[in-house]
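Trainee: In UniProt numbering, the protein residues as written are 1 to 213. All residues carry an ideal CB built from backbone N, CA and C; glycine is no exception.
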Amino acid sequence: MRRKGVYRPYGGRRRRWLPRVLLCLLLAGVLAFGALEALIFSGSRDQLHGEPQVMVVFGCQVKPWGPSVLLQDRLDTALAYLEEHPEMTVVVTGGQGDDEPVSEAQCMYDYLTEHGVDGSRIVKEDRSRNTWQNINYTLTLFQDGTVAPAEQILLVSSGFHLTRIRMLWERVWPGTYTLSVLAAPVSHAPSAVQMFFREPLALVKSWLLDRPG
């Protein structure tokens, strides 16, 4: 008696290649992520050139009780420098999010003046909602004369943020200013972990999408 064959669908060779393809994609992703982290880390330290005339402090989240830990880290870093440079003009940049009681610029102004900085030296930029707008609206203050012309500018933010800031600043005004940076520490561990994963994605997004015009 002839035995009936059992039908088995042909799986083809592609199934054997699928794990290899997935592994290659995973390795490529890990390598790309590592390269981005290295780029971010390389820009996350103080770099001072000459004698900056204007300081720009970049905002971040404001809580109902005042600056978030990340923002306070940035402000304390700015204060330490301003103690030795009391005549410096300071631009504080950051608008008001839906969950923030006041604009980031106003919160920074209040914190700095409470710690002894002369309010007449502080200029508020309170329209921006992201880093790209921080930079564009701040540069508008130089263009319209709100801030006196300066050739050397000091940028203050969290260390992880500085690579993206410098990239975008040079994209808007390449070679116009001599830039120095102060890297604020990140004393809030959960924020440090969050930014470890978030900032590489933000850097790629800004590189692709944040462009003049």
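From tyrosine 177 to alanine 28, what distance separates their C-alpha atoms?
Mentor: Near 36 Å, if we compare the C-alpha coordinates of alanine 28 and tyrosine 177.
Trainee: Let me know if glutamate 125 comes out buried or exposed under the rule of 16 or more other beta-carbons within 10 Å of its beta-carbon.
Mentor: buried
Trainee: Tell me which same chain residues have a C-beta within less than 6 Å of the C-beta of alanine 148, skipping the five on either side of it?
Mentor: none
Trainee: Within 8 Å, do at least three Cβ pairs link the stretch 81-89 to the stretch 164-174?
Mentor: no
Trainee: Inspect the CB distances between the stretch 114-130 and the stretch 15-24 and report whether three or more fall short of 8 Å.
Mentor: Taking 8 Å as the limit for Cβ pairs, the verdict is that the stretch 15-24 does not touch the stretch 114-130.
Trainee: Is glutamate 83 near the ligand SAM, judged by its Cβ being under 7 Å from some heavy atom?
Mentor: Only the bare structure without any ligand can be found here, which leaves the ligand SAM out of the picture.
Trainee: Apart from the five residues on each side of it in sequence, which residues of its chain come closer than 6 Å, Cβ to Cβ, to threonine 113?
Mentor: Gly119
Trainee: May I ask which residues mark the beginning and end of the alpha helix (DSSP H) holding glutamate 199?
Mentor: First-last of the alpha helix (DSSP H) with glutamate 199: 189-209.
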